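Asker:
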Amino acid sequence: MEKVLTRNFGLENSHRLETYLKNKGYQAARKALTKMTGPQVIDEIKKSNLRGLGGAGFPTGMKWGFIPQANPKPKYLVVNGDEGEPGTFKDKYIFEKDPHALLEGIIITCYAIASHKAYVYVRGEYVKSMQTLQAAIDEANSSGYLGKGIMGTTFDLDVVVHPGAGAYICGEETALLESLEGKKGFPRLKPPFPAVVGLFGCPTVINNVETLSCVGPIIANGGEWFAKLGSPKNGGNRLFCVSGHVNKPGVYELPNGITLRAIIYEHAGGIPNGRKLKAVIPGGISAPVLTADEIDVKMDFDSLKAIGSMAGSGGIIVMDDTTDMVWAAMVAARFFAHESCGQCSPCREGSGWVYNNLKKLYQGGARPHDLANLPGIIGNIGGNTICAFGDAVTMSVGSYVSKFREEFENKIKERVCRI
Amino acid sequence: MFTTDLLRQLDKIAGQYEQKQAALLPVLHAIQEKEGLISPESEQDVSRYLGIPVVHVHEAVSFYHLFHQTKKGKCHFSVCQTTSCALLGGEDIIEHLKTRLGIKSGETTPDGKFSLSVVECLGACELAPMMQYNKEYRGFLNKKKIDELIDKNK
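Protein chains in written order, with our numbering: chain U, 1 to 419; chain Z, 420 to 573.
Next up, the structure:
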């Protein structure tokens, strides 16, 4: 299989400009800036079927096309490197192993949307990632790949690394914008969408690190080449992050459309200690959990959606048959309760209720109505909040309760509070 | 009041943004790096420097968990308790640290040497169970590794 995103990962000093240039680095940016117009670049990205790899899966070329070029305000590119979705750790590898591939994607994207300023929002804990990226920006600035008159053209671009400060919700694109403007990371109501009113009230494209790292190879090889690598409407490869009960946890670059079974058993080495698979979260903790007999699903946005889950951020968390699913639901709910930003009451209060209920169910002290009430509490969160975080609580926790119902009922029988 | 050196650093940061308030998070990071916490006095200074109400600065300091209002110990353990780490024994690591250090999450030992924070996902599930030790990521934790780290820094 042809490697796209990880093509340079194994090279010595893969993060350095010198290494990147030796391996055809910045040739795609040169091609875009000297031989293509912005709309031509956008058309090529549309042809590639590249979708937002941060989790939403929105068609990238279409998103860029929403930027109103007649608007006289400055345009911005904001790179989402907040990477807070549990189970996901791919952007960290791009930052640290191939930051110039990201920068090349940023240059081409900014050229396409006529932006001269990009902010890369990196999660605050990723200290090494920020240092590596900043060093790459400094190299690019001093070598004419960033700054004024890039590669002898009239195109100027300034890239700034912006540190987050530890809040999951800032991975949500409008919360990220609020955070980048120096405020609490509270999601904004949409519409207006960021393409029209984004950073500092100006038209803004927000893309994930992995998405932008695909842009250089697409321009170099053509949109159709990229589309053929994946499955219908899901162009290219993805970085799948595998963790939990597997022999070889790590990041794997594989084509969209590969089965979950192949990822777990052929690439990640299967389940350790002769155990059996019990459940898998296929796309980060927000994705509804799958049972062991659902793993022949193709790993792309549409196939996972069709079976009631989602491809999300590509974070696969594997659970073996020793896993107590009431406990697993409680751990997920603890995360949601902790990370709810608090802006919307249904999410703020509901996520706490869900967690407390599950804690009682798991630890003892629950009464039968605690389980009976759970679907109602969960149901009152989803669809009633500004951002999709509330839906994530609903879909994720709800999937544990519905797919492993018997375990929840048994827990009630074993540990019921009789007062 | 900011020192001349810090002010120079902050001016460089703030110069990267079209609106000065946007520099709030990196400015707070720079101050915490130097002083070890964000004190009420620093909040006042930041408010004056960025030209925003002090309540906005305080809101940010209390909203984002990487900002501390009290000093952390010389060795700060931030241990992940989210799914991948929990599946591989993260909760046992947290309990072991609590026992060894005699403190709860959010506390610092009386000698100021060790602090413990139990945190949600750090984005390194491939290293599970893992933690952030000061600024470094440490993975595949077990009780022996924890004990060695504590003993070395006692």
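Every residue, glycine too, gets a C-beta built ideally from N, C-alpha and C. Note that the structure is a prediction, hence the values are computed from the model and not measured.
Can you name, in chain order, every residue of its own chain whose Cβ lies under 8 Å from the Cβ of Gly269/U, other than the five neighbours on each side?
Answerer: Taking the first residue of the first sequence as 1, we reach residue 269/U at position 269. Only Val246, Asn247 and Lys248 meet the Cβ criterion.
Asker: Does DSSP put Cys341/U in a helix, in a strand, or in coil?
Answerer: As a first step, residue 341/U is located in the first sequence; it is residue number 341 there, counting from the start. Cys341/U: coil per DSSP, three-state reduction.
Asker: Where does Gln438/Z land, buried or exposed, given buried means 16+ other C-beta within 10 angstroms?
Answerer: Position 19 of the second sequence, counted from the first residue, corresponds to residue 438/Z. Gln438/Z comes out exposed.
Asker: Three-state secondary structure (DSSP) at Asp91/U?
Answerer: For this step, residue 91/U is matched to residue 91 along the first sequence. Helix at Asp91/U.
Asker: Could you tell me which residues DSSP puts in a beta bridge with Gln551/Z?
Answerer: Residue 551/Z sits at position 132 when you count from the first residue of the second sequence. Gln551/Z pairs with Ser497/Z and Tyr556/Z.
Asker: If Thr527/Z sits next to Lys554/Z, beta carbons under 8 Å apart, how far is it from one beta carbon to the other, in whole angstroms?
Answerer: Position 108 of the second sequence, counted from the start, is the residue given in the question as residue 527/Z. Position 135 of the second sequence, counted from the start, is the residue given in the question as residue 554/Z. Their Cβ separation, rounded to whole angstroms, is 17 Å, which puts Thr527/Z and Lys554/Z out of contact at 8 Å.
Asker: In this structure, what does DSSP give as the bridge partners for Thr174/U?
Answerer: If you number the first sequence from 1, residue 174/U lands on position 174. Partner(s): none; Thr174/U has no beta bridge.
Asker: Let me know the secondary structure DSSP gives Ile295/U once reduced to three states.
Answerer: The residue you call residue 295/U lines up with position 295 of the first sequence. Ile295/U falls in the coil class under three-state DSSP.
Asker: Using a Cβ-Cβ distance cut-off of 8 Å, determine whether Gln463/Z contacts chain U.
Answerer: Position 44 of the second sequence, counted from the first residue, corresponds to residue 463/Z. So no, Gln463/Z is outside the interface.
Asker: Could you run through the region 173-196 of chain U and flag, in chain order, every residue whose CB is less than 8 Å away from some CB of chain Z?
Answerer: Per Cβ criterion, the list reads Ser179, Leu180, Glu181, Gly182, Lys183, Lys184 and Gly185.
Asker: Quick check on DSSP: helix, strand or coil for Glu437/Z?
Answerer: On the second sequence, residue 437/Z is found 18 positions in, with the first residue counted as 1. Residue state, collapsed to three classes: coil.
Asker: Cβ atoms of Leu358/U and Val318/U: under 8 Å apart, would you say?
Answerer: One-based indexing of the first sequence puts residue 318/U at position 318. One-based indexing of the first sequence puts residue 358/U at position 358. No, the pair does not count as a contact, with Cβ atoms beyond the cut-off.
Asker: Go through its chain and collect everything with a Cβ distance to Lys63/U's Cβ below 8 Å, but skip five positions before and after it.
Answerer: Along the first sequence, read from residue 1 onward, the residue named residue 63/U stands at position 63. Only Gly52, Ala195, Val205 and Asn207 meet the Cβ criterion.
Asker: Got a sec: which bits of the region 428-440 of chain Z sit with their beta carbon under 7 Å from any beta carbon on chain U, in order along the chain?
Answerer: So the list reads Gln435, Glu437, Gln438 and Gln440, given in the order they occur along the chain.
Asker: From the DSSP secondary-structure annotation, give me the bridge partner or partners of Asp158/U.
Answerer: Taking the first sequence and counting its residues from 1, the one referred to as residue 158/U is at position 158. For Asp158/U, which the question treats as bridged, DSSP gives the partners Lys117/U.
Asker: Gly81/U: which of Ile386/U, Gly171/U, Asp321/U and Gly185/U sits nearest, CA to CA?
Answerer: By one-based count along the first sequence, residue 81/U stands at place 81. Of the candidates Ile386/U, Gly171/U, Asp321/U and Gly185/U, the one whose C-alpha sits nearest the C-alpha of Gly81/U is Gly171/U.
Asker: Excluding the 5 residues preceding and the 5 following Asn23/U in the sequence, name in chain order all residues of the same chain whose CB lies nearer than 8 Å to its CB.
Answerer: The residue labelled residue 23/U in the question sits at position 23 within the first sequence. So the qualifying residues of the chain are Arg7, Asn8 and Leu11.
Asker: For the alpha helix (DSSP H) containing Ala32/U, name the first residue and the last one.
Answerer: What you label residue 32/U is simply residue 32 of the first sequence in a count that begins at 1. Gln27 to Lys35 is the span of the alpha helix (DSSP H), which, as asked, contains Ala32/U.
Asker: Using alpha carbons as the reference points, say which of Ser396/U, Gly364/U and Ala366/U lies closest to Gly379/U.
Answerer: As a first step, residue 379/U must be located in the first sequence, where it is residue number 379. Here the closest residue by C-alpha is Ser396/U.
Asker: At a Cβ threshold of 8 Å, is Ser243/U touching chain Z?
Answerer: One-based indexing of the first sequence puts residue 243/U at position 243. Output row for Ser243/U: interface = yes.
Asker: Which residues of the region 532-561 of chain Z have a Cβ closer than 9 Å to any Cβ of chain U? Give them in chain order.
Answerer: Those residues of the region 532-561 of chain Z that come within reach of chain U (Cβ to Cβ, closer than 9 Å) are Val538, Glu539, Cys540, Leu541, Gly542, Ala543, Cys544, Glu545, Leu546, Ala547, Gln551, Lys554, Glu555 and Tyr556.
Asker: Put Tyr76/U into one of helix, strand or coil per three-state DSSP.
Answerer: Along the first sequence, one-based indexing puts residue 76/U at 76. Of the three classes helix, strand and coil, the one that applies to Tyr76/U here is strand, per DSSP.
Asker: Buried or exposed for Arg427/Z, going by 16 or more other Cβ atoms inside 10 Å?
Answerer: Translated into the one-based positions of the second sequence, residue 427/Z becomes position 8. With fewer than 16 other Cβ atoms within 10 Å, it is exposed.
Asker: For the beta strand (DSSP E) holding Asp320/U, just list the boundary residues, first then last.
Answerer: As a working note, residue 320/U is residue 320 in the first sequence. Segment Gly315 to Asp320, the beta strand (DSSP E) holding Asp320/U.
Asker: Buried or exposed for Pro255/U, please, with buried defined as at least 16 other CB atoms from any protein chain shown within 10 angstroms of its CB.
Answerer: The residue given as residue 255/U occupies position 255 in the first sequence. It is buried - the Cβ of Pro255/U has at least 16 other Cβ atoms within 10 Å.
Asker: Please name the residue in Arg123/U, Ser14/U and Phe389/U whose C-alpha comes closest to that of Phe336/U.
Answerer: As a first step, residue 336/U must be located in the first sequence, where it is residue number 336. Nearest C-alpha to Phe336/U: Phe389/U.
Asker: Taking all protein chains shown into account, decide if Arg467/Z is buried (16 or more other Cβ within 10 angstroms of its Cβ) or exposed.
Answerer: Taking the second sequence and counting its residues from 1, the one referred to as residue 467/Z is at position 48. It is exposed - the Cβ of Arg467/Z has fewer than 16 other Cβ atoms within 10 Å.
Asker: What does Pro459/Z reach in chain U if we use C-beta pairs closer than 9 Å?
Answerer: Locating residue 459/Z in the second sequence gives position 40, where the first residue counts as 1. Here the premise fails: no neighbours, minimum Cβ distance about 18 Å.
Asker: Quick check on the burial criterion: 16 or more other C-beta atoms within 10 angstroms. Buried or exposed for Ser345/U?
Answerer: For the purposes of this step, residue 345/U is identified with residue 345 of the first sequence, where counting begins at 1. It counts as exposed.
Asker: Using a threshold of 8 Å, state whether the C-beta atoms of Ala287/U and Ser303/U are closer than that.
Answerer: By 1-based counting over the first sequence, the position of residue 287/U is 287. By 1-based counting over the first sequence, the position of residue 303/U is 303. No, the Cβ-Cβ distance between Ala287/U and Ser303/U is not below 8 Å.
Asker: Could you name the residues of the same chain whose beta carbon sits closer than 6 Å to that of Asp391/U, not counting the 5 residues immediately before and after it, in chain order?
Answerer: As a working mapping, residue 391/U is identified with position 391 in the first sequence. Excluding sequence neighbours, Asp391/U sits near Gly382.
Asker: Just to confirm before moving on: does the CB-CB distance between Ser179/U and Leu102/U stay below 8 Å?
Answerer: Position 179 of the first sequence holds residue 179/U. Position 102 of the first sequence holds residue 102/U. No; because the gap between Cβ atoms is not below 8 Å, this pair is not in contact.
Asker: Just reading off the beta strand (DSSP E) that Val251/U is part of, what are its end residues?
Answerer: As a first step, residue 251/U must be located in the first sequence, where it is residue number 251. Gly250 to Pro255 is the span of the beta strand (DSSP E), which, as asked, contains Val251/U.
Asker: Just the Cα atoms here: how many angstroms apart are Pro192/U and His162/U?
Answerer: Here residue 192/U is taken as the residue at index 192 of the first sequence, counted from 1. Here residue 162/U is taken as the residue at index 162 of the first sequence, counted from 1. One C-alpha to the other measures close to 24 Å.
Asker: Output, in chain order, the set of chain Z residues within a Cβ distance shorter than 9 Å of Val397/U.
Answerer: Taking the first residue of the first sequence as position 1, residue 397/U is located at position 397. Neighbours of Val397/U on chain Z: none; closest Cβ ~12 Å, over 9 Å.
Asker: Between Tyr76/U and Lys117/U, is the Cβ-Cβ spacing less than 8 Å?
Answerer: As a position in the first sequence, residue 76/U is number 76, starting the count at 1. As a position in the first sequence, residue 117/U is number 117, starting the count at 1. Yes, they are a contact pair.
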